[in-house]
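Note sheet for the following structure.
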DNA sequence: GTTTTAGCCTATCGATTTAGTAGTTTTTTA
DNA sequence: TAAAAAACTACTAAATCGATAGGCTAAAAC
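Pasting the structure below:
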C-alpha cells in the first residue's frame, strides 16, 4: 500500500496539471481544494521541488507549478520520490540496486526471480503513465459515466 | 518493499517445498538452514498455519509441513497473509476492498485507474507463481550457471 | 505416568516510519 | 517597509518492524 503522503503528492500534481500554464498555485489553495493538511502538503511539495518535479515562487503572486509539462512527468517518477524504489526487493531495483543481506546466492534466489517480473510489470505501467495520461483517463471515465447516466434517464 | 518477515516466510516455504513428503521439519532446523532467528520464525510459521498454508505436529518427530502440495500454494497467497492485500490502494483490492477515505469520486479517481492496472499485473504474476514453479525456476537458473561455468573452463 | 520433545501463546522492547503540528526565517513584491 | 508566501527546523503521537523472553500445552517415549 502506498502512503497517504504519496497519494497527497499525486493528487496535488494532478491538480497542478489541470492548472498547468495558469501560473503559480498557492499551497493554501491546493490544500483546501484537495483536502490535504496544509503544513503536511508543504513538506510534500518541497520534496517534489527538490527532486526537480516542481518549481516555486516566493512572495506575492507566488506558489507552486510543474517544472515540466504533464506529458513529461510519470507516476513512476513521483512514487519513487516519495516511496523509494518500486522493486519489492532491493536486488531487482533498476534505479537503486542493493544486495539483500540475507541472500548468499543471488542468481538462484527464487524470490528474486519472481520479484524481478513484478518490478518490471510495475515499472512498465507506472513509468508510462504520465500526468497527462491520467487527466485523459479521468475525462474518459467521466464521459462514460455521463453516457450511462443519459441512458439511465 | 516487502518485509523481512515475508522474505523469511517465502524462504521457509521454498525449503519445505524441497522437503515435501519427507515428513515434518523442525523449526530449529529450518531456522539454522535458512539463517532465520528461531523465535521470529516461530511466529511466522504459526501465522502461515493459521492461514491454512502449513500444518504442524507436536512432540517428538513433530515439526511443520506444507498443508498442500507445492503446486497449489502461490506466492500471492503467502504475501497476502504476511503483508496484506497486493493492491497499492485499498479501493482496487479484489480480496480486501475498502473505500479510500480521502476520495469522494472513486470512479473518476486518476490514482485508482492506474493502480488498478498495477494491482492486476501484480496479481497475474504472483497468483500464478506457485512454490513448485519457483523450485523449477531455481533449478533452471542453476543449470544455466553451471553451463556457463563449463564453457568458461 | 512422568519425562522429554517440540510447537503454542503472550508480553515486551528498541528502532524506525508515518502522519502530522508549531514556530520561525527568508525571499519577493507592492 | 509591510505583506505575502514559501522554506526551514524541530517536535510529537501512534503505528509498524524485527526481534527476544518466558511460560504453557500437547504428544510421544520410556
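Protein chains in written order, with this note's numbering: chain A, 999 to 1151; chain B, 999 to 1151.
For glycine and all other residues, C-beta sits at the position ideal for the given N, C-alpha and C.
Model, not experiment: these values are computed from the prediction.
Check each candidate in the options and name the one with the smallest Cα separation from residue i.
i	options	result
residue 1136 of chain A	A/1100, A/1003, A/1009	A/1009
residue 1073 of chain B	B/999, B/1109, B/1120, B/1023	B/1120
residue 1113 of chain B	A/1096, A/1104, A/1077	A/1077
residue 1025 of chain B	B/1002, B/1052, B/1000	B/1052
residue 1098 of chain B	B/1087, B/1030, B/999, B/1069	B/1087
residue 1045 of chain B	B/1004, B/1059, B/1130, B/1134	B/1004
residue 1057 of chain B	B/1022, B/1075, B/1134	B/1022
residue 1002 of chain B	B/1015, B/1012, B/1038, B/1020	B/1038
residue 1122 of chain B	B/1103, B/1140, B/1092	B/1092
residue 1049 of chain B	B/1064, B/1014, B/1019	B/1064
residue 1105 of chain A	B/1144, B/1019, B/999	B/1144
Does any heavy atom of the ligand NAP sit closer than 7 Å to the C-beta of residue i?
i	result
residue 1055 of chain A	This structure does not include the ligand NAP; it has no bound ligands of any sort.
Taking Cβ-Cβ distances shorter than 8 Å, what residues in chain A pair up with residue i?
i	result
residue 1106 of chain B	1136, 1139, 1140, 1143
residue 1124 of chain B	1112, 1116
In whole angstroms, what separates the C-alpha of residue i from that of residue j?
i	j	result
residue 1061 of chain A	residue 1006 of chain A	17 Å
residue 1101 of chain B	residue 1089 of chain B	10 Å
residue 1079 of chain B	residue 1118 of chain A	23 Å
residue 1017 of chain A	residue 1068 of chain B	53 Å
residue 1108 of chain B	residue 1031 of chain B	46 Å
residue 1133 of chain A	residue 1070 of chain B	41 Å
residue 1138 of chain B	residue 1110 of chain B	38 Å
residue 1047 of chain A	residue 1014 of chain A	13 Å
residue 1115 of chain B	residue 1096 of chain B	17 Å
In terms of residue numbering, what span does the beta strand (DSSP E) encompassing residue i cover?
i	result
residue 1014 of chain A	From DSSP, residue 1014 of chain A is part of no beta strand (DSSP E) but of the alpha helix (DSSP H) over 1002 to 1016.
residue 1111 of chain B	That residue, residue 1111 of chain B, is in no beta strand (DSSP E); its alpha helix (DSSP H) goes 1108 to 1124.
residue 1052 of chain B	1052 to 1055
residue 1064 of chain B	1061 to 1064
Using the beta-carbon of each residue, which ones in chain A are nearer than 7 Å to residue i?
i	result
residue 1127 of chain B	1112
residue 1100 of chain B	1005, 1033
residue 1008 of chain B	1109
Would residue i be called buried (16 or more neighbouring beta carbons within 10 Å of its own) or exposed?
i	result
residue 1128 of chain A	buried
residue 1082 of chain A	exposed
residue 1035 of chain B	exposed
residue 1075 of chain A	buried
residue 1124 of chain A	buried
residue 1041 of chain A	exposed
residue 1146 of chain A	exposed
Check the Cβ of residue i against every Cβ in chain B and list those closer than 8 Å, keeping chain order.
i	result
residue 1052 of chain A	Under the 8 Å cutoff, chain B gives no residues; its nearest Cβ is about 18 Å from residue 1052 of chain A.
In chain A, which residues lie with their C-beta within 9 Å of the C-beta of residue i?
i	result
residue 1087 of chain B	999, 1000, 1005
residue 1132 of chain B	1108, 1109, 1111, 1112
Could you tell me the boundaries of the alpha helix (DSSP H) in which residue i lies?
i	result
residue 1220 of chain A	What the structure shows of chain A is the stretch from 999 to 1151, and residue 1220 of chain A is not part of that stretch, so it cannot be assessed.
residue 1039 of chain B	1036 to 1048
residue 1084 of chain A	Note, residue 1084 of chain A: premise wrong, no alpha helix (DSSP H); not H, not E.
residue 1096 of chain A	From DSSP, residue 1096 of chain A is part of no alpha helix (DSSP H); its letter is neither H nor E.
residue 1127 of chain A	Where residue 1127 of chain A is concerned, there is no enclosing alpha helix (DSSP H), given that its DSSP letter is neither H nor E.
residue 1032 of chain B	1025 to 1032
What in chain B is Cβ-close to residue i, meaning under 7 Å?
i	result
residue 1012 of chain A	1108
Anything in chain B within Cβ reach of residue i, meaning under 9 Å, just list it in chain order.
i	result
residue 1119 of chain A	1116, 1119, 1120, 1122, 1123
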